[in-house]
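In what follows, a structure is listed as structure tokens, so that the remarks can point back to it.
Number of protein chains: 2
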Amino acid sequence: MNSERVYHHGDLRRALLASALDVIATDGPGALSLRDLARRAGVSHAAPTHHFKDRTGLLTAVAAEGYGLFADALADAAGLRERGVAYVRFAAEHPAHFQVMFRPELQHPDDPRLVAAKARATEALRAGISGLPGTARGDDDRLAGIAAWSLAHGFATLLLSGNLDAPVGDRDPEEVFRVLAGLLFPPDAAATTPESS
Amino acid sequence: MNSERVYHHGDLRRALLASALDVIATDGPGALSLRDLARRAGVSHAAPTHHFKDRTGLLTAVAAEGYGLFADALADAAGLRERGVAYVRFAAEHPAHFQVMFRPELQHPDDPRLVAAKARATEALRAGISGLPGTARGDDDRLAGIAAWSLAHGFATLLLSGNLDAPVGDRDPEEVFRVLAGLLFPPDAAATTPESS
DNA sequence: CGGCTCATCTTGTCACTGACTAGATAGTTC
DNA sequence: GAACTATCTAGTCAGTGACAAGATGAGCCG
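Here the protein sequences come in this chain order: A and B. Note that this note's numbering gives residue 156 to position 156 of the first sequence, counting from 1, and the numbers run on in steps of one. Note that this note's numbering gives residue 112 to position 112 of the second sequence, counting from 1, and the numbers run on in steps of one.
Pasting the structure below:
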């Protein structure tokens, strides 16, 4: 990637990104202020501009980083259902990244690093979907893929926005989602999916 | 500027809400500015404050209106699957409302009108879900409800954010969703579209 | 050592925004 | 027509993003 040398601050870019994730996770992207981040890092109000161009640039960097982590998380999971679980787990563990990733209006769409990371994530997603329990359903594979994506994305989104607090209760969200995935693609179909937790 | 400015606008509140929906649908809630709305309506920069208290108050009003329309839309649909379709249709037809509704950090959570409208929508949602094809699935009804909600919400969200443009193509999104809903709850199970409620 | 280059960061500034205050105006009611 | 209240205006303040110009210091080469 890029070599971030240690200069005046140490690693301002990384510090700003870390603070940004904090703020976003707590109060959403709308609460993000470049000047506030600068204050937290102990630098002048204009320092962040040099690293991220503008506010949207910072959010673009967050999204790009998120897509990278996301692709890794998906690649580590074996099987369609476990990829769905990984999708949900990623949203729960990286709420700030997740929120920004799926809001294009917050990003510079042509940023090369964003485009590259997004392509990698899209590929990982498609790879997971193509490993379907088979066209036993007699319908278009693509539609089943959209269904799987929608289920995981909807569950993750509702979870993050707090809408599932009541219905899910104390239960582990990932475990709940595993059941949901089973409803969409019953394991009895063709699934031998040897589980290794 | 505006020479023919009448002191009383007529229905400023409605005009502001309408402009707000325009802006939100185009550039998202983050692009909303009270002063810009005032300018569009031809009133002073502080006029909106009287109707909505503050920026969050305006968004709260949008969310409340949205929940009301949403409850109506759900109530008009018969059957679980058609309620899901109505869910998706609502998001497509009222993107601004939909976006704000599911972002609690943009709202005043204790606003009475919001609370009331939200309760009505929640009830409509639950009513739709309880009319499930039966516990033939042998699993918790509640989980099936979460699955249905997640599927519809995920599809709607991905649709609005433009992520489904490629996979869906020219096809009517509502029709596509009808197929997805069929994957989750196969019509052959125990249901020949039961219910009217 | 001396000078050069360049990424990094500071200082200063501007227009814009949300929020607040006080006051003006118009519609309503008695 | 006078009081009352909802509606809107005008003025102000701190905070913000963006921009421009300059300061700082690290790395490099002679």
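Think of the CB as a built atom: it goes at the ideal place given N, C-alpha and C, for glycine as much as any other residue.
**Report entry** Nearest-angstrom beta carbon gap, residue 38 of chain B and residue 29 of chain B [assumed within contact, 8 angstroms]
**Finding:** As a working note, residue 29 of chain B is residue 29 in the second sequence. As a working note, residue 38 of chain B is residue 38 in the second sequence. At roughly 17 angstroms, the Cβ-Cβ gap does not stay under 8 angstroms, so residue 29 of chain B and residue 38 of chain B are not in contact.
Query raised in the report: How is residue 150 of chain A classed by DSSP in three states: helix, strand or coil?
Result: Within the first sequence, the letter at position 150 stands for residue 150 of chain A. Helix at residue 150 of chain A.
Query raised in the report: What are the boundary residues of the alpha helix (DSSP H) that includes residue 92 of chain A?
Result: Residue 92 of chain A sits at position 92 when you count from the first residue of the first sequence. Start and end: 80-93.
Query - Under 7 angstroms by beta carbon: chain B residues contacting residue 90 of chain A - result: The residue you call residue 90 of chain A lines up with position 90 of the first sequence. Within chain B, no residue comes near residue 90 of chain A; the closest Cβ sits about 15 angstroms away, beyond 7 angstroms.
Query raised in the report: Can you tell me the Cα-Cα spacing of residue 147 of chain A and residue 184 of chain A, whole angstroms?
Result: Here the question's residue 147 of chain A lines up with position 147 in the first sequence. Here the question's residue 184 of chain A lines up with position 184 in the first sequence. Straight-line Cα distance between these residues: approximately 8 angstroms.
Query raised in the report: Of the residues B/156, B/182, B/143 and B/186, which one's Cα is nearest the Cα of residue 173 of chain B?
Result: In the second sequence, residue 173 of chain B corresponds to position 173, counting from 1. Of B/156, B/182, B/143 and B/186, the residue nearest in Cα terms is B/156.
Report task. Measuring only between beta-carbons, confirm whether residue 161 of chain B sits less than 8 angstroms from chain A. Result -> Sequence index remark: in the second sequence, residue 161 of chain B carries index 161 (1-based). Contacts with chain A at 8 angstroms (Cβ-Cβ) include residue 161 of chain B.
Query raised in the report: Shorter than 8 angstroms from the beta carbon of residue 51 of chain A to some beta carbon of chain B?
Result: In the first sequence, the residue the question calls residue 51 of chain A occupies position 51. No, its Cβ sits nowhere closer than 8 angstroms to a Cβ of chain B.
Requested in this report: Could I get the ranges of all uninterrupted beta strand (DSSP E) runs contained in the stretch 4-87 of chain B, with 3 residues as the minimum, in chain order?
Outcome: none
Report task. Sort B/152, B/61, B/102 and B/181 by Cα distance to residue 15 of chain B and report the nearest one. Result -> Residue 15 of chain B sits at position 15 when you count from the first residue of the second sequence. Residue B/61 is the option with its Cα nearest to residue 15 of chain B.
Query raised in the report: Do residue 66 of chain B and residue 115 of chain B have their C-beta atoms within less than 8 angstroms of each other?
Result: For the purposes of this step, residue 66 of chain B is taken as the residue at position 66 of the second sequence. For the purposes of this step, residue 115 of chain B is taken as the residue at position 115 of the second sequence. In this structure, residue 66 of chain B keeps its C-beta atom at 8 angstroms or more from the C-beta atom of residue 115 of chain B.
Report task. Consult DSSP for residue 158 of chain B and reduce its assignment to one of helix, strand or coil. Result -> By one-based count along the second sequence, residue 158 of chain B stands at place 158. Helix, per DSSP.
Report task. Run the proximity test for residue 185 of chain A: is its beta-carbon closer than 7 angstroms to any non-hydrogen atom belonging to the ligand NAD? Result -> Absent from the structure shown: the ligand NAD. Ligands present: none.
Report task. Return no unless some Cβ of chain B is closer than 8 angstroms to the Cβ of residue 66 of chain A. Result -> Here residue 66 of chain A refers to the residue found at position 66 when the first sequence is read from its first residue. Residue 66 of chain A does not count as touching chain B.
Query raised in the report: Does the pairing of the stretch 18-37 of chain A with the stretch 67-83 of chain A give three or more beta-carbon distances under 8 angstroms?
Result: no
Query raised in the report: Taking any Cβ of chain B, which residues in the stretch 13-31 of chain A have a Cβ under 7 angstroms from it, in chain order?
Result: 27, 28 and 30
Query - Supposed contact pair residue 176 of chain B and residue 143 of chain A - C-beta distance, whole angstroms, cut 8 angstroms - result: Sequence index remark: in the first sequence, residue 143 of chain A carries index 143 (1-based). Sequence index remark: in the second sequence, residue 176 of chain B carries index 176 (1-based). Contact holds; Cβ gap of about 7 angstroms.
Report task. Measure from the C-beta of residue 136 of chain B to each C-beta in chain A and report whether the shortest distance is under 8 angstroms. Result -> The sequence position of residue 136 of chain B within the second sequence is 136, counting from 1. Confidence at residue 136 of chain B is low in this model, with a pLDDT of 47, below 50, so the placement of that residue should be treated as unreliable; the coordinate-derived value is given next. No, because no Cβ of chain A sits closer than 8 angstroms to the Cβ of residue 136 of chain B.
Report task. Rounded to whole angstroms, what's the CA-CA distance from residue 52 of chain A to residue 58 of chain A? Just pull it up for me. Result -> The residue labelled residue 52 of chain A in the question sits at position 52 within the first sequence. The residue labelled residue 58 of chain A in the question sits at position 58 within the first sequence. Roughly 5 angstroms separates the two Cα atoms.
Query raised in the report: Residues of chain B with a CB under 7 angstroms from the CB of residue 153 of chain A: which are they?
Result: Translated into the one-based positions of the first sequence, residue 153 of chain A becomes position 153. Going along chain B in sequence order, the residues near residue 153 of chain A (Cβ under 7 angstroms) are 154, 157 and 158.
Report task. Taking only beta-carbon positions, decide if residue 73 of chain B is within less than 8 angstroms of chain A. Result -> Residue mapping note: residue 73 of chain B aligns to position 73 of the second sequence, counting from 1. Answer no: the Cβ-Cβ gap between residue 73 of chain B and chain A never drops below 8 angstroms.
Query raised in the report: Comparing the C-beta of residue 173 of chain B with each C-beta of chain A, is any distance below 8 angstroms?
Result: As a first step, residue 173 of chain B is located in the second sequence; it is residue number 173 there, counting from the start. Under the 8 angstroms criterion on CB atoms, residue 173 of chain B is classed as non-interfacial with respect to chain A.
**Report entry** Proximity of residue 12 of chain A and residue 23 of chain A at Cβ, strictly below 8 angstroms
**Finding:** Here residue 12 of chain A refers to the residue found at position 12 when the first sequence is read from its first residue. Here residue 23 of chain A refers to the residue found at position 23 when the first sequence is read from its first residue. Not in contact: residue 12 of chain A and residue 23 of chain A (Cβ atoms no closer than 8 angstroms).
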